[in-house]
Every structure is written in structure tokens, then in C-alpha cells.
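Read through the structure below, which is laid out as C-alpha cells, and then see the notes.
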Amino acid sequence: MILLERVQKAFLRTISGYFRLLIVSMGLIGSLLFSIFTYYEISNAREFALKSFEQTVLLETNYITHWFEDNASRVRTLSQLPSVRRGDMNSFFQRAGLFAKNNPHITGITFINATGRAVSGEDVSDREYFQRAKHGEEYISEALQGRSSKEWIVVFSAPVFNDQEEFLGAVVSAVKLDAIAQAMEEFHLGVTGETYLIAQSGMKISSSRLGVPKDSKEIPWKGLGVESLYGTERGKIISGVYENANGEKVLGAYGSLEKSRWVVACEITEYEILEPVYNKILIAALISIGLGILVLYCTTFFSRRINHPISILIGQAQKIELGKLQFLPETGVFPEESPRELGEIYRAFQTMARKLIEDIQELDWINTKLMETEERFRVLAESSMVGVYIIDERGKANYVNPRLCEMLGYSAREMEALGCIMELIHPEDKPAVERCFEGRKNNEMKANMSYEFRVVSKEGATIYADIYSTVCYIDGKWSIIGTLIDKTQQKQWEKMIYASERKNKAIINAIPDTLLRLDARGNVLEIITYPKNGKKERPEDWLESMRELNCIFIEKLFASGEMQHYEHGFLLHGKKMTKEIRMVSYGDNEILLLIRDITERKEMEEQLKHLSYHDALTGLYNRAYLEEHLTDEKLQNKRPVGIIVADVDGLKQVNDNLGHQLGDRLLQRAASILRSNANHIVARVGGDEFVVFLTQTSEEEINALCNEIEAKIDTFNKEDGEVPLHISLGWSIGDEDTPIHEVFRKADDAMYWNKSVRKERVQRELCEREKM
27 MILLERVQKA FLRTISGYFR LLIVSMGLIG SLLFSIFTYY EISNAREFAL KSFEQTVLLE
87 TNYITHWFED NASRVRTLSQ LPSVRRGDMN SFFQRAGLFA KNNPHITGIT FINATGRAVS
147 GEDVSDREYF QRAKHGEEYI SEALQGRSSK EWIVVFSAPV FNDQEEFLGA VVSAVKLDAI
207 AQAMEEFHLG VTGETYLIAQ SGMKISSSRL GVPKDSKEIP WKGLGVESLY GTERGKIISG
267 VYENANGEKV LGAYGSLEKS RWVVACEITE YEILEPVYNK ILIAALISIG LGILVLYCTT
327 FFSRRINHPI SILIGQAQKI ELGKLQFLPE TGVFPEESPR ELGEIYRAFQ TMARKLIEDI
387 QELDWINTKL METEERFRVL AESSMVGVYI IDERGKANYV NPRLCEMLGY SAREMEALGC
447 IMELIHPEDK PAVERCFEGR KNNEMKANMS YEFRVVSKEG ATIYADIYST VCYIDGKWSI
507 IGTLIDKTQQ KQWEKMIYAS ERKNKAIINA IPDTLLRLDA RGNVLEIITY PKNGKKERPE
567 DWLESMRELN CIFIEKLFAS GEMQHYEHGF LLHGKKMTKE IRMVSYGDNE ILLLIRDITE
627 RKEMEEQLKH LSYHDALTGL YNRAYLEEHL TDEKLQNKRP VGIIVADVDG LKQVNDNLGH
687 QLGDRLLQRA ASILRSNANH IVARVGGDEF VVFLTQTSEE EINALCNEIE AKIDTFNKED
747 GEVPLHISLG WSIGDEDTPI HEVFRKADDA MYWNKSVRKE RVQRELCERE KM
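Just so you know, this note's numbering puts the end of the sequence shown at 798, numbered straight through with nothing missing.
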């Protein structure tokens, strides 16, 4: 449909367009006929050439097939000679020499004995032709290229059996392909035509122009693989148009041999075949161009004879259209050589023009009176602060005042150009407005009405409007005159107030805390919200427990005017609970209380604090705890202090040889022994190193504790025979003047001395445990 509309717009609107369409149509028809002619000629030429090539390929394949049969027959005859069947090699070589002399294309004939040895002594028992001969089969090889001569040969072989049908060996003959090359030279196809033979390996082994090539060449079919060449049915011939290896477009045919997986190909350049056709097409094209020029000249001549008088008529009509009433058409300006029908039209146009000028002059006087009346209405409507409009029974705007145009963003011309004022109504309100409009047209509703609906401005904005309209008749036609008041801003305020209320309500509902409203004495006026998270607690369960505390902070709030923030802990159903309270003033005598449950956070803080100061494996204090809490300043009132440094002996050897799990159990057992006295601080400060810290102690107490630890280790080793536990101990004591780090260094030195003394015994016990 779009194409048809474009053709009508370009050609079928004017007479000259019809002539152009005629010229274009004749050109297209001529081009189509010329294309059909060209296609038919080229197709016939190609088809005729391809059939000729197929016949050529058929002749060559038959010749090569007979050549294979002749050479195989010669070798078969030689293998079946009585002297050869008796094993007389002298007679064989005489016959073979005579045979090679009469057939110059044979490069050599030899005999392979039953063990696979040639006359030259070479072992060829693994060759395919010998294996075939052992099974009584004749063999014809693929094309082979000689290593030194680079000439292409084919190997023929036949088995030799004696009279008792015992295998004696095989006769093998190598034949050059010169005979095939000489035969193919007889097939000349024009200037660029060529036939050639392709082996299974994809090499060109014979050519009608090149003879047998010394070097291998690629397959001449561009983009066609060896598999597709040899995948054809035996004896089948295929032809077509393609590009050869040189990028030339050629016509060719090829077919596979029945006796061997070779392909015979024949091709010629497309240009040589189609050159006569191109000459014929060129002559036809020149004739077509000449006829086209003649038709174009005739069409242009007749077009001018018609278009010139028509352009005179159009020029005079345009002068009248522009209001040049003093113009009066003259008879003498119309060309006499114009067609008679156009002359009659011109005379009728003169009569019509005179009558039209008289009518226009009378209408001018009537129009002046109407303009005076209309001016009074426009002054009243256009100075109004509300939108004024007049629409007819179709809903088309006949008048809109500037205020209405300003509201909707349209110009007066754009408003009056609308097909129907209903196009400005919001889609959701349009059905109701249309029902009202139709009801008033059919006198089903009162003439004077006021109602509210939405309209859409030119920019796409929605305007809420109050409409006051009445039905009237203008120039005897049913119309509606109405006013429009913009209430969009008022609606926006209403929406903002409603949205604010919804937003505040949503915020309150989204608060995950308890929100209360209290009076100045701490009484609960309203539970605004509380988290409904599935817990059994309700604000009423614990509010009374914090009443006294709330009253204290209410006094502070009214005294300072600043927000009060505190935490409150209590027991609820036997569980310790912690609440965080924020208190702000609300009005003159009321308070807003925001309560958040921080019980889980407090429990998490305690867990993190415990993990930061304790060793995960043994549960003892770690080095961080010692470094933070055991400082000289914090120990001033706890002197003298003592430090015992303990190191688990042989832990690395246990981990390496018996496993880390056993090593971890030794560390846990050592920690259990060291912390048996709850009055001392015990910490794990390294992988196998522990520290026992004592305050307000003495040397006797430290010695007694070390002896107690040694006794518990002995008891453990006697009761648990899995792996012996050995701990090297070293201790030191410091008074008020000795720094704590010096006490720790002396204890560490004592431990290492003790460890060196016990090292040999500990290693010996661990080695005995490993052997067990």
C-alpha cells in the first residue's frame, strides 16, 4: 500500500506524471525482456558447453579404464606363463625384458618370491601388493611419483601359483603415465580449454597442455575438497560453473574412474564460451537503446503539446485564487494548435471566472458585516481569564480563546485543526465525556452542565479542569459553548497532603522499634507502634519496670530541652533483656519515647570480647590479654609477682609424625593441667608455650605449684599411654622494683635451660612411641 501511494504521488497527480509513468513502464518492460533474453542465451550456451565437456570426460574415462585393463592383462599373462609357474627365473627375465622392450612406458618388471624377497634382495613382504598376491588377488596401485625421476607411475601386480596351486610369488610391473598424458593431449577445447587427471592424494598427475607435471599441483577446483571428488559414484559425471585455483570462472565437468579412485576433469574459461553470446547481447542492447531514445522523443513531443495549454489554465486560476479580482481571462492567449477538448475547457473557464468575480464582490460586503459582529465576541472571549471554546456536533473546535491555548500549550490554529476536541481528553475520562456529549446531542441530558475531568496538554501534562458549558445554535448549527478552569494546582496540593500523610504512616510502620507517647508524668498515652516480629513480649510486659527511670529522664528533658539517651536492663520470663531508650519532647507537655531492643547486640559484644582475649583451642587467655592487663602500672599493689613459663616438649615431632589432631589433644591436656589452680592467670602465648601468672606470691608457693604440675604430668603419662606429655618449666619472681618484662625474661631463660636438659630423654621416648 505504501509503494502504491508513492507511485500515485509521483506520477498520477499530473498529466506530465502520466507520461513519465509511461516512459518508466516501457523502460522497465524493455529491461525485463532484455534480461530474459540475456539469461536465456547465456543459459543455453553454458548448457551446450557442459554437455560437450561431459561427453569429453566420458571418452577419456573409457580410454583410461581400457588402459588399466590392458596393463593388468599384460602382467597377468606374464604371471601365468608355464616357465614362470615352474619357477624358471631365467626364462622369466628373458620374457620380462622382451615385454619391457615392446612397451616403452614400462619402467621395470620384477619377481617377488614366496617369502617377500625381490630379486635385489629387498624385503617387500609388508607391501600391499604382496599381501594381495598371497591371497590370490591382482593389485593396481594409486598414482605414485618417483623419488628421483619425479615421474608419475602405477604399479600392477599378479600372483604366481604352480600346477599344484602353491604360492610361488608375484610379478610386479611399474608403468609410467606418459601414455595417458599423450592421449589427453588430443582433447583440445578452444583456446583456454584443458583436461587433466587427479589422483586420490589430490595432486594433478596429467594435463592435456602440460603433460605429466614434474611437481605436484593442487586440485584446480577452488573450495572443493578431495572427499567430494572421490565421494561420487563410480563412473558418474558431474558438471557445473565454478572458480578454479587461479580465481577464474570456468565451466567444467569431472568424473571418477571405475578401476581406480582417480578423477578425470575437463574445463574451459566461461568468457571463451560466452564471448559470442556477449556480442549478440551487445547488438541487442544497442538496438534497444535506439528504440528507447525514439520513444522518449515522441513522448516528450506529445507531452509538451498537452502540458503548455494546461499550464496557461492553471496560471489564470491561481491569479483568481490569490484574490486578483481585476484580472479577467482573455481569449487570445490560448494556443490555437492545442487539442480541441482543451479549448472547450478554456472557454468554460472564462465564463466561470467572470461569474466568480461578481459573487466575490458581493460576499465581501456581507463578510464586512459579519466581521464587526464577530469582533465584539472575540474582545469579550479573548480578554477572559478562563478558557473559552466553541465546538460543533462532531466535537471539532470552531473557536478557542488565548487563555485556553495557554493552558493546553497549543496555538489557536493547532486547536482548530484537531479533528475532534475529544483527542485532548485523558484516556481514562474519555468514555464518560463521550457519553455526556452524545446524551446532550440527543436531548437526553440538560443543556446546561458543569462537571470535572482531565485533559492532556501538548507536552503530555495532565490538567484537572472544571467545565461549565451550554448547548446553543450558531448559524443554525448545533454547538456547545463552554468555559474551562484549571484546577491542577489545587489537585496537586491535595495529593501532596495525602502523600505526606501516607509517608508519615509508612515511616512509623516501618520503624523496627517501639514508639510511645507519654505525658509529663510518664504515663503512656498511646503505643504508636511496636515490632511484631513473632516474639512473645509486648510493651505492657516491661513498661512498668522502667517507669521510675523514665520520670528521672523526663525531668532532665524538660530542664535541658535536649534528647535523653540511656539503656535499661531487666529480666523478662527469666531472661536478661536490654533496651536502648531515646526520649524527645513532643509539643508542650508530651514526650515521644523510642525503645530499641539491643539484647542480642549486648550478647554479641560479650562474645566478641571473650574471643578477643581467649585462645580458641584451649580456652585460656591469649597474649593480647596479657599485654593489655599485665602492665607494671596495674600490678603496683600486687607485688611480688611470679611468672611460670611452660613449653610442651616435642610438639613439632608429634605433629609431623603422628598428626596435628594428636598434637592439639596434647596442648588441651597441658592447658587443663596448668589451669587446675583457679587463683592464677594462665595464658597460651605461642604455639606450644604457656604462661602462669601469680600475684602476691613467694618462691615457696611457686616451687610448690611447679612440683604439683610435674606430679599431674606423671599421673597423666601413667594413666594415658597414647603419647607421653612433657612440659619444660621455668619460673621467676619480681619485687616492687623489678619490671614485669624482666621477670618474664628470666622465667623464659630458665625454661629454655630446663628444656635443653630434658631434650634427649623426650626425643627418645617419642621415637619409641612412633615405633609402637
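Just so you know, even glycine gets a beta-carbon here, dropped at the ideal spot from N, CA and C.
DSSP three-state label for residue i, please.
i	result
Thr657	coil
Gly668	strand
Val412	coil
Pro239	Model confidence at Pro239 stands at a pLDDT of 39, short of 50, so the residue's coordinates are unreliable and nothing is read from them.
Asn663	helix
Arg461	helix
Arg624	The residue asked about is misnamed: residue 624 is Ile in this sequence, not Arg. In the structure shown, Ile624 sits in coil (DSSP, three-state: anything other than H, G, I, E or B).
Arg439	helix
Glu768	helix
Gly613	coil
Arg649	helix
Met475	strand
Lys602	strand
Tyr556	coil
Leu444	coil
Gly502	coil
Thr218	coil
Glu786	helix
Lys345	helix
Lys422	coil
For residue i, which residues of its own chain have a beta-carbon under 7 Å away from its beta-carbon, when the five flanking residues on both sides are left out?
i	result
Glu80	Ile263, Ser265 and Ala279
Gln590	Phe579, Lys582, Leu583 and Met609
Arg102	Glu164 and Ala184
Ser254	No answer about Ser254 holds up, because its pLDDT of 49 lies below 50 and its placement is not dependable.
Ala773	Ile669, Ile670, Val671, Gly756, Trp757 and Ser758
Val145	Thr136 and Phe137
Met115	Phe137
Ile554	Ile534, Leu541, Leu542 and Arg543
Can the beta-carbon of residue i be found less than 8 Å from the beta-carbon of residue j?
i	j	result
Arg72	Ile299	yes
Phe182	Ser199	yes
Val180	Val197	no
Ile759	Asp673	no
Val708	Val671	no
Thr604	Ile617	no
His131	Asp189	no
Arg665	Tyr612	no
Ala310	Phe60	yes
Cys446	Lys422	yes
Ile371	Leu339	yes
Ile493	Ser476	yes
Leu677	Asp714	yes
Thr64	Cys292	no
Asp149	Arg143	yes
My assumption, with CB atoms under 8 Å, is that residue i sits in contact with residue j. Please give the rounded CB distance.
i	j	result
Thr540	Ile451	Contact flag wrong, Cβ pair sits at about 51 Å.
Phe770	Ile669	5 Å
Gly113	Leu194	6 Å
Thr644	Gln694	6 Å
Leu751	Cys732	The Cβ separation is near 15 Å, so there is no contact.
Thr496	Ile507	6 Å
Please return the same chain residues whose Cβ sits closer than 6 Å to the Cβ of residue i, not counting the five positions on each side in sequence.
i	result
Gly413	Arg429, Leu430, Met433 and Leu510
Gly358	Reliability fails at Gly358, whose pLDDT of 49 lies under 50, so the model's placement of it is uncertain and the value that follows must be treated cautiously. Correct list: empty, nothing qualifies.
Asp641	Asn648 and Arg710
Ile728	Gly668 and Trp757
Asp22	Outside the shown range of the chain (27 to 798) lies residue 22, about which nothing can therefore be said.
Val474	The sequence shown places Asn at residue 474, not Val. So the list reads Thr496, once near-sequence residues are dropped.
Ala730	none
Among residues of its own chain, excluding the 5 on either side of residue i, which ones have a beta-carbon nearer than 8 Å to its beta-carbon?
i	result
Leu250	Note on Leu250: pLDDT 40, under 50, position unreliable in the model; the coordinate value appears next. Closer than 8 Å at the Cβ level, and outside the excluded window around Leu250, lie Tyr268.
Val459	Met448, Ile451 and Phe479
Gly465	Met471
Glu520	none
Val680	Leu688, Gly689, Leu692, Val749 and Leu792
task = Identify every run of the beta strand (DSSP E) within the segment 702-766, keeping only runs that are complete inside it and at least 3 residues long; order them along the chain.
result = If we require 3 residues or more, the beta strand (DSSP E) runs fully inside the segment 702-766 come out as 707-710, 715-721 and 753-760.
query = Can you give, in chain order, each stretch of the beta strand (DSSP E) that sits fully within the segment 118-200 and has at least 3 residues?
reply = Contiguous beta strand (DSSP E) elements confined to the segment 118-200 occur at 132-139 and 178-187, taking only those with 3 or more residues.
inquiry  = Going residue by residue through the segment 63-112, where are the continuous alpha helix (DSSP H) segments of at least 4 residues, counting only ones entirely within it?
reply    = Runs found: 108-112.
query = Counting only runs that start and end within the segment 270-341, where is the beta strand (DSSP E) found for 3 or more residues in a row?
reply = Whole beta strand (DSSP E) segments, 3+ residues: 275-282 and 289-295.
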